[in-house]
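Residues 644 to 1073 in our numbering are what the sequence shown spells out, letter by letter.
By construction, the Cβ of each residue, glycine as well, lies at the ideal position given by its N, Cα and C atoms.
Some notes on the structure that comes next.
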Amino acid sequence: MPITARDREILRLAVPAFGALVAEPLFLIADYAIVGHGLGTTAVGALGVAGAVLTTVVNLCVFLAYGTTASVARLTGAGHLDRAMRSGVDGLWLAIGIGVALIALGWPLAPAIVELFGAAPDQTAMAVTYLRISLLGTPGMLVVLAGTGVLRGLQDTVTPLVVAIGSFVLNAVLNAWFVLWMDWGIAGSAWGTVIAQTLGAAVYLVVVLRRAPTWLPDLRGIKAAGSAGLALLVRTICLRIVLLVATVVATRMGRPELAAFAIASQIWSLLAFALDAIAIAGQAITGRSLGAGDVAETRAASRRMVVWGVWSGAVLGLLVLAVRPLLPGLFAADAQVTAELLAVLWPVVLFQPLCGVVFVLDGVLIGAGDQRYLAWAGIWNTIAYLPAAAVAAWSGSLVVLWCALGVWMLARLVALGTRARGRAWLVTGA
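Okay, here's the thing in structure tokens:
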């Protein structure tokens, strides 16, 4: 595939975004590896339950990044830089407010939330410990999301990469120290992640506020940022329902199945974040080009990014296939977990090209501000998935469960592809 000037622009944004995006699942993968070696399979399963809850929290608030990227990119493309930065500051304040509220709500509700997964009592206790400590890092996590969105909207994906690398290294070092050397158990893993996330958030605050015309909160702007993110929140709730249902189904299959599903889910998340790098480029380029009124460029860039999505998915699938025999040892999996994990990795590999197209189209429509359609599409896609999940629960097979996720991805492809072929989403101007 020959590299064009448009490809270079896509890669300029996507390659650094890739590094920044994979840092988030790498946080949990590092936790899984360290906890697996230091504490065993029961702790890995507990981490899988708590990790599903935390990932849900982060993903429910991903509108802080996606909505801010679209808004800042569109205003920047239209030549309104001060308004773009003001929008970014509003997003940061919204992130802090939501993070504090999540701590207040989540701490007393943690036991009840974990019990919904139906894990064994010892796994439940460890999951509650990890979840409660990790909640203290939610303001930092959300500030990172909002700050990342601002910089992406400004067409800067390098700074988020630098911050992500630093946070990941610090997270891995602290987790290893607290769990393996200081013997803090699963609590040590949680504290390491909280510290790394909070310091990363501090860096974003300095970088963004230094470029903003003001750092003071604007209640009207914060309210507007929250309202704009409501449709994206609905979309994300639908995504999380799908994945939480899958986690509940896997939990009720047994301990080996839950541990294998937890590991496979983190690998899937890592691949998803990697593929989402092109979607991030799609958000930034689409928002900027539509803000500048250039529909032709929006169309051409979108088509090219779909091609990149297919090829990227194929390459990532082949990479997973190549390292498949080594993955169980990385997580210190026992024989039962190893057998389940090796089997479920096959559908993980096969679905990657499909995922590449879906993620790109999702990013393009987010960048265009087409949130209302994405919300409705998310509802219908979830409805299409639930019968397949019920079949997986009846079968008791992790492979069937992952095929149910494949049904969901196909439904998303139909919904997003149909929309992208039309013109309703091509709204220009600030």
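- It is roughly 7 Å from the alpha-carbon of L852 to the alpha-carbon of V732.
- Per the C-alpha coordinates, the member of W1023, T802 and L785 positioned closest to A1058 is W1023.
- Shown here, W954 sits in a helix according to DSSP, grouped into three states.
- Taking the Cα of Y709 as reference, the smallest distance to any Cα among V700, L779 and A927 is reached at A927.
- L748 and N814 have their alpha carbons spaced roughly 25 Å apart.
- For R878, the enclosing alpha helix (DSSP H) stretches over residues L873 to T894.
- Close CB contacts of E983 within its chain, under the 6 Å cut and outside five residues either way in sequence, are with P899, E900, A903 and L1041 (chain order).
- Contact check for G742 and T781: beta-carbon distance about 4 Å, within the 8 Å limit, so the pair qualifies.
- Between V953 and the set V1003, L737, V793 and G691, the nearest pair of CA atoms involves V1003.
- The three-state reading of DSSP puts I646 in coil, since its state is none of H, G, I, E or B.
- Between M728 and R854, the C-beta gap is smaller than 8 Å, which places the two residues in contact.
- Counting the other Cβ atoms within 10 Å of the Cβ of V816 gives fewer than 16, which makes it exposed.
- Between the C-alpha atoms of V806 and T841 there is a straight-line separation of about 12 Å.
- Taking one beta carbon from each stretch, the segment 752-765 and the segment 711-719 have fewer than 3 pairs nearer than 8 Å; the two do not touch.
- Boundaries of the alpha helix (DSSP H) harbouring P751: L724 to E758, taken from the DSSP string.
- Contact annotation: I923 and A744 have beta-carbon atoms that are not nearer than 8 Å.
- Of the candidates T772, C998, V822 and A770, V822 places its Cα closest to the Cα of L682.
- Contact annotation, V786 with A830: C-beta distance approximately 23 Å; criterion of less than 8 Å not satisfied.
- Taking C-beta atoms under 8 Å as the contact rule, Y1028 and V885 qualify, at a distance of about 5 Å.
- Secondary structure note for L984: its alpha helix (DSSP H) is the uninterrupted segment A978 to L993.
- If you ignore the 5 residues before and after C881, its C-beta comes within less than 7 Å of the C-beta of G1021, I1022, N1024 and T1025, all in its own chain and listed in chain order.
- Within the same chain, and ignoring the five residues on either side of S810 in sequence, the residues whose Cβ sits closer than 6 Å to its Cβ are A839 and G843.
- Counting only runs of 4+ residues, the alpha helix (DSSP H) found wholly inside the segment 777-832 occupies 781-796 and 801-819, in chain order.
- Relative to the Cα of W736, the nearest Cα in the group P856, A1047, G869 and V980 belongs to G869.
- The DSSP-derived three-state label of V1050 is helix.
- The beta carbon of A770 sits closer than 6 Å to the beta carbons of A689, V692, A693 and V757 from its chain, once the five residues preceding and following it are set aside; these are given in chain order.
- Counting along the chain, L859 sits inside no alpha helix (DSSP H), nor does DSSP assign it H or E at all.
- Taking C-alpha positions only, D1013 is separated from R946 by approximately 17 Å.
- The criterion of a C-beta distance shorter than 8 Å is not satisfied by R967 and L993.
- For W1068, the three-state secondary structure derived from DSSP is coil.
- Residue burial is scored here from C-beta neighbours: P971 has at least 16 other C-beta atoms within 10 angstroms and is therefore classed as buried.
- Taken in chain order, the complete alpha helix (DSSP H) segments of 4 or more residues contained in the segment 676-729 are 684-703 and 706-720.
- Comparing alpha-carbon positions, the option among V849, R649, L774 and L862 lying closest to A686 turns out to be L774.
- Across the structure, R942 and G956 are spaced so that their CA atoms are roughly 21 Å apart.
- The beta carbons of A889 and A1032 sit closer together than 8 Å.
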